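**Student:** Using this note's numbering, the first residue of the sequence shown is number 1, and each one after it goes up by one.
Glycine is no exception: its CB is placed at the ideal position from the N, C-alpha and C atoms.
Computed from a predicted model, the values in this text were never measured in an experiment.
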Amino acid sequence: MQSSFSNVVLKNHSGILVVDRQGLIRFANPAAQKSLGRNAAQLDGLPFGLPSIGSQTELDILRPDGSYGIAEVTATETEWEGLPASLIMLHDITDRKRAEDQVQHQATHDTLTGLPNRSMFLNCLEQALLDGRRHREPLAVLFLDLDRFKEVNDTLGHRVGDALLEAVALRLKRILGNQDLVARLGGDEFTVLARRVGSANGAGELAARISTAFSTPLDAAGHRLYSRPSIGIALFPEHGNTGETLMRNADTAMYEAKRRPGIEGFAFYQPEQTQRSRERLDLETRLRTILAAGGLRLRYQAQADLRTGRLCAAETLMRCVDAQGRILLPGQFIPVMEQTGLIREAGDWALGAACMQIRAWLDQQSTHADRPACTPPPLAINLSAVQLDDANLPDRIAELLDRYRLAPDRLALEVTESALMDKADRARTILERLTTLGVSLHLDDFGTGYSSLALLGELPFSVIKIDRGFVSQVPGSEKHIGLIAAMIAMAHRLHLRVVAEGVETPDQWALLRQLGCDMAQGYLISRPLPPAAFARLCMGHRDRPVKHG
Ligand code: C2E
Ligand code: CA
Ligand code: CA
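1) Rounded to whole angstroms, what is the Cα-Cα separation between H109 and T212?
2) Measuring alpha carbon to alpha carbon, tell me which residue in R209, D507, A220 and P116 is nearest L185.
3) Among all the DSSP beta bridges, which residues are the ones paired with S440?
4) Quick check on the DSSP output: the beta strand (DSSP E) that includes G92 runs from which residue to which?
5) Drop a sphere of 10 angstroms on the beta-carbon of P64, count the other beta-carbons inside from all chains shown, and report buried for 16 or more, exposed for fewer.
6) Exposed or buried, what is S215 when buried is set at 16 or more other beta-carbons lying within 10 Å of its beta-carbon?
7) I343: buried (16+ other C-beta within 10 angstroms of its C-beta) or exposed?
8) Out of G23, D154 and T191, which has the shortest C-alpha to C-alpha gap to V168?
9) From what residue to what residue does the beta strand (DSSP E) around P271 run?
10) Taking the alpha helix (DSSP H) that Q357 belongs to, which residues open and close that run?
11) Looking only at its chain, what residues have a beta carbon closer than 8 angstroms to the beta carbon of L552, apart from the 5 residues adjacent to it on each side?
12) My assumption, with CB atoms under 8 angstroms, is that G232 sits in contact with M254. Please give the rounded CB distance.
13) Under the assumption that R21 contacts P84 (Cβ atoms under 8 angstroms), give the Cβ distance between them as a whole number of angstroms.
14) Do you know how far the Cα of P138 is from the Cα of A391?
15) Could you tell me the distance, in whole angstroms, from the CA atom of V18 to the CA atom of T74?
16) Enumerate in chain order the residues of its own chain whose CB-to-CB distance from L62 is below 8 angstroms, with the five nearest sequence positions on each side excluded.
17) Per DSSP, what kind of secondary structure is V471 in: helix, strand or coil?
18) In the DSSP assignment, what residue or residues form a beta bridge with D110?
19) Cβ-heavy atom distance between N249 and ligand 1 below 6 angstroms?
20) If contacts are defined as beta-carbon pairs under 8 angstroms, then S230 and T252 qualify, I think. What distance do you get, rounded to the angstrom?
21) Give the range of the beta strand (DSSP E) segment to which D518 is assigned.
22) Roughly how many angstroms lie between the CA atoms of L524 and D467, to the nearest whole one?
23) Between which two residues does the alpha helix (DSSP H) holding Y255 run?
24) Answer yes or no: the CB of D390 versus the heavy atoms of ligand 3, is any distance below 6 angstroms?
Structure follows, in structure tokens:
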């Protein structure tokens, strides 16, 4: 009986120890010896401490496979050589612990990037705010949103999108010090809690450092992608006292950074931004209502041939009309439409409406051959950068040309330099496919972007439009005359035609004509007109050149 009981102790897989009242080890079974990494002789008399009876503590142990683990320690009273002692059992709970840790980790971390998630970030932020208040230490919350992430996801697929997010997480971790915490809120939104920033300057420097670090491409599943974050900064205590407020204000500031995509890529929260973001939201709601109610309109602005004075083309310009009949101008609504993606729907509408209008004019011409009718000139339609993300655009235009039985040379598309700046090659492929259809490409607002010359070399443009900013300075400014002359000479050298925008005076007309500019557009020729008025203008100028003083 005695020996079979000692067998139970000796062969038990759990460690069993006896510790005397002084807290010294008196006995350890083989399992306990293994767990503690020492033999019986080494353990005998070694201090273990006095475990409190009935309570459970934990102890680091060596596991049979040689790895470290955790044991739960339970103590009960016993006797050893006639004296009171503690009987201690070591239960290996490493696996259970790991499972628990994993659950805990999953609840507080983002599965894709392994970064802390929103709830953990908020917890840490609240904790940091407590410390910050106590030690009067400033803190900064940075809100990051990747520019054009949706574009990557939509065109290259979720796998590449996910890989990009992982690469971004890695890069952020690398840039930030171990004082800082970076979390992923979801989607392409990240937040950074920056301690020890010292001041607004420090936070700005950190944001600039992040921004610069993203000027080199990221590797996402074999794709080299550029993805820069727009960063909003809210400071404690200036911009808020609670975690929620700081996060919200950093988010608002991020929108500001996106709204004016400068070289910096970040913006500090300013109280009036809340007012502005509310207005932006109101305008967005208003635009959605207008779109749903069919309140979009096109205006047509004529372009005249500078040599003959004849009307030779027109540009379509969008207007929004609300239920009260108030007209909104593109300057007000295009930026919001671009930020919210509404421009996809509106831009598509403009393409359809322009094609339908040309067909209507052509039909009037053929059915009323006896009456004067409008000979519609080719129409140039403005394309937003956002529309260049859509690989279906060429198919869509081909379909419209087909549906309205239009030759492709009746359409031109105007793209701005800034729309093409740091655009992925995909946008270029789209534009090339469009020219293969026979639709011509016009480079808008020429001279205002950064990469004009490089773009002209790369893309099949047939027309450049000299921005109104240059035209408005002449004939007064010699320097601007020089610039315009140089643009015209360069364009002609590349076999491109030139439209001067914003021609308002006969002087400008005369000068541009003298400089060899091909076409003019502006109030001198005509304001943007509704279709009926534009048709009358066309009829009037069918035989008679446009007045130009
Ligand atoms: P933009 O493409 O450069 O269009 C020319 C702008 O200059 C138009 O303003 C036109 O009304 C104005 N303009 C024309 N001639 C003169 C002139 O002699 N003097 C002055 N002061 N202004 C003149 P608008 O219609 O307000 O459009 C502003 C911008 O909005 C356009 O600039 C274009 O970038 C954008 N936009 C207009 N329609 C559309 C559209 O359907 N889609 C997209 N994506 N953007 C559009
Ligand atoms: Ca334009
Ligand atoms: Ca323009």
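**Tutor:** Looking at the coordinates:
1) 27 angstroms
2) P116
3) A412
4) One detail in the question is off: residue 92 reads as Asp in this sequence, not Gly. L83 to D92 is the span of the beta strand (DSSP E), which, as asked, contains D92.
5) exposed
6) exposed
7) buried
8) T191
9) Looking at the DSSP string, P271 is not in any beta strand (DSSP E); the run it does join, the alpha helix (DSSP H), is P271 to A292.
10) L342 to T367
11) Look at the range of the chain in this structure, 1 to 549, and you will see that residue 552 is not part of it.
12) 3 angstroms
13) 6 angstroms
14) 47 angstroms
15) 12 angstroms
16) K34, S35, L36, G37, Y68 and G69
17) helix
18) Paired residue(s): none; D110 is not in a bridge.
19) no
20) With 8 angstroms as the limit, S230 and T252 do not qualify as a contact, their Cβ atoms being about 12 angstroms apart.
21) Element bounds for D518: n/a, residue is neither H nor E.
22) 16 angstroms
23) G243 to R259
24) no
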